[in-house]
Structure formats: structure tokens, C-alpha cells
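This report refers to the structure that appears directly beneath it.
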Amino acid sequence: MSLVTSLDYPRSYAVLLAWFSEDANCLDYLDWLRWPEGFVCPNCTSVVGWRLTDFRWKCGGCDRKVSATSGTIFDKTRTPLTVWFAAAWLMVNSKTGISATQLRREMEIGSIQTAWAMLHRYRSVMVRPGRDRLTGDVEVDESFLGGPEPGVPGRGALGKVLFAGAVEVEEHGFGRVRLSIIPNASADSLAAFLDANVEPGSCIITDGWSAYPKATQDRYSHRGNSVTASGLQAHDVLPAVHRVFSLVKRWLMGTMQGSVSPEHLQAYFDEWVFRFNRRNSRSRGLLFHTLLRQAVTSKPVTYQSLCKAGRTRPSPEPANGLRPSPPSQEAGSPELPWRR
Ligand SMILES: [Zn+2]
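Numbering (my numbering), first residue to last: 3 to 342.
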């Protein structure tokens, strides 16, 4: 790893605490992630601004004072950014994430609601708008959450929720994963799930469910293996997607203690998929960097609006062209390692 990349994110919890001991440093890091080419006013898109001593900007176009947190999940928070940063680290650093109860205890956060809301705001930015769809050989299946599960005691707070999963199958294991709640297992619902998650032309591998030929027609090649005709168990016909189903169910019932309600289930899927798809990342610090960058570059999403909009997300912002940096951009201090 080059020295340059290692300064983009903290490589350990100890480095995190050293870099981000004050809110001013956190704010500068968010500023650097949000405006890598220099300040752009979110109100009037002016690129002229002056950095104030409190790390905010005074816009030269509309005269407003703007913070790197304006319009993001951190906007108007009363929780110190140092606590937000540590929470992001704890959320992505362990394979299983952290529950609101654990976070509250670790960070001595006043109320469980505050801890829960922080984790939930992070979940809301874990899907990057315009992310690539899965490709190649992709196993697809549906499953229920809630209801009696073998090996899982109790029903938890979930009723019975139907969801679909897709997993890239590679020569030596799994590639990327997608999980999404679906209203039913009709050809239309499954086709919509595939449209959102798998690149046309890919090979969809399923069981013998009658809706898949129609759901895949014209856009994908399809290989259906009937469980009954083959004499195999479902997990032998579709080993990858069934392995993922069992891992995510174990996580929901274990770390999250089965306390997930149906309206928030998609958010938990998004969190699990965020970590799972980066499980081979060379550094957990890179996940922290990705999460914070997405937190300041995507529009905050409320889960109410997600439910209403059927989970359509805003399309990605056009890439910023190279903009002339105002002289005030030179204000980076040598104590801020990411400002090279
Ligand atoms: Zn402005």
C-alpha cells in the first residue's frame, strides 16, 4: 500500500481516535470528501467561497454560510461528529456490524433512540446511487424472513416478509450480492428485481419456479433446475444464494436479535450487503472512507420516502468537472493528514 492511499483513511481504531479527536478535524475530513475539487455551493452552485475559521464556507455567490454537513445525514445533528465517526468505524469494522444497544454502551450515547437513528442514517447511504449491476452467472431465489425458521428460536418482530436474493457465482466462490424485499413471487416482481440488480445478458440460475422463464425472457439467458426433478435439496441446486440467505438470517436473528421490523428490513439488507460485498477489502479503513464519502455525496434518504417511491433512488449526480479552486482552499493545515 502506498503512503498516499494510507493517508486517505485511518488504518486502525487507534489512528481514527488520533486523527479525529476534535469535531473540527472531522468536519475538514467531510469537506475534503465532499468537495475534492474545491468548494461548490449546494444552494447556488457557485465555486467561489471563503473558508471561515470554524471550517464552514461563506459562499461568494449567495452569501450563505455553508458547512460540509449541509443537506447530508449529519445536518443539524446534536451528536458530536467524533461520535459519528467512531460509530461509522464500529459499524463497518466488524463482520457483523454493531447493534444500537452495543453502540449506545460503547460510545456512552444518551439514548437508545439516538444510537438507533445514527446507525439508520448510515444505512440510508450504503447503496451508492448508480452502482453497477451484477454480471456473469447469477443465482437468484426468493425466501421468507419471519415465521418459523429451523434453528432460530422465536419469531422476532418480523411478520413474514418475502425477499429476493442474487449472488454472482465465480469459479472460486461468490462475487457480489443483492438483497431486496419483493411484494410477491410473480414474474413481474421478479423481472423488476432482476432489472434493478442484474445486467441484461447475464445467465440467471434458478430453481424450477414457473415465474422465472417469463421474468428472464428476452433479456437474460436462464438455467432452471427443478428441485423435485433433480432429487436434490434446494441448497444443493442453488448453493450460493442459499448460503447468503442463511448468513443474513443468522445476522438478523443474532447481532440484531430479531428486533428488525418489516419497514426497516431493507435498510438492514443494505447494511449487510455493503459489508459482504467488501469482505475481501484490503483495509477496513477503506470501508469507513467509502461510507463517509457516500454520506456527504448522496442525498439523505428517509425510509418513509423509500417505501413510497418503491425504492427508486435518485440518479447519480454528474461527475464534477475540474473546477478552479479558490485561494482559500489552500487553508489545509499540515496536521490534517488527508490534506496532502
Ligand atoms: Zn451559494
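Backbone N, C-alpha and C define an ideal beta-carbon position, used for all residues, glycine too.
Less than 8 Å between the beta carbons of residue i and residue j, yes or no?
i: residue 35; j: residue 294; result: yes
i: residue 181; j: residue 214; result: no
i: residue 275; j: residue 206; result: no
i: residue 162; j: residue 175; result: no
i: residue 91; j: residue 278; result: no
i: residue 246; j: residue 167; result: yes
i: residue 267; j: residue 260; result: no
i: residue 25; j: residue 83; result: yes
i: residue 227; j: residue 239; result: yes
i: residue 78; j: residue 67; result: no
i: residue 143; j: residue 208; result: yes
i: residue 131; j: residue 283; result: no
i: residue 29; j: residue 342; result: no
i: residue 70; j: residue 33; result: yes
i: residue 286; j: residue 94; result: yes
i: residue 81; j: residue 137; result: no
i: residue 269; j: residue 178; result: no
i: residue 194; j: residue 164; result: no
i: residue 249; j: residue 217; result: no
i: residue 241; j: residue 21; result: no
i: residue 49; j: residue 57; result: no
i: residue 135; j: residue 201; result: yes
Buried or exposed: which applies to residue i, given that a residue is buried once 16 or more other Cβ atoms fall within 10 Å of its Cβ?
i: residue 12; result: buried
i: residue 112; result: exposed
i: residue 273; result: buried
i: residue 55; result: exposed
i: residue 23; result: exposed
i: residue 98; result: exposed
i: residue 16; result: exposed
i: residue 145; result: buried
i: residue 65; result: exposed
i: residue 199; result: buried
i: residue 27; result: buried
i: residue 123; result: buried
i: residue 51; result: buried
i: residue 344; result: In the structure as shown, the chain begins at 3 and stops at 342. Residue 344 is therefore absent and cannot be evaluated.
i: residue 2; result: Here the chain covers residues 3 to 342 and nothing more, so residue 2 does not appear.
i: residue 53; result: buried
i: residue 310; result: With a pLDDT of 40 at residue 310, under the threshold of 50, the predicted position of this residue should be treated as unreliable, and no value is reported.
Please report the Cβ distance between residue i and residue j, rounded to the nearest whole angstrom; I am assuming they are in contact, meaning their Cβ atoms lie under 8 Å.
i: residue 297; j: residue 169; result: No, residue 297 and residue 169 are not in contact; Cβ-Cβ is about 27 Å, not under 8 Å.
i: residue 73; j: residue 44; result: 5 Å
i: residue 222; j: residue 210; result: That belief does not hold up - the Cβ atoms of residue 222 and residue 210 are roughly 16 Å apart, past 8 Å.
i: residue 258; j: residue 101; result: 6 Å
Using only the heavy atoms of ligand 3, determine whether one of them is closer than 7 Å to the beta carbon of residue i.
i: residue 25; result: Judged by which ligands are present, ligand 3 is missing from the structure shown, whose ligands are ligand 1.
Residues proximal to ligand 1 by C-beta, any heavy atom closer than 5 Å: 43, 45, 46, 48, 61, 63, 64
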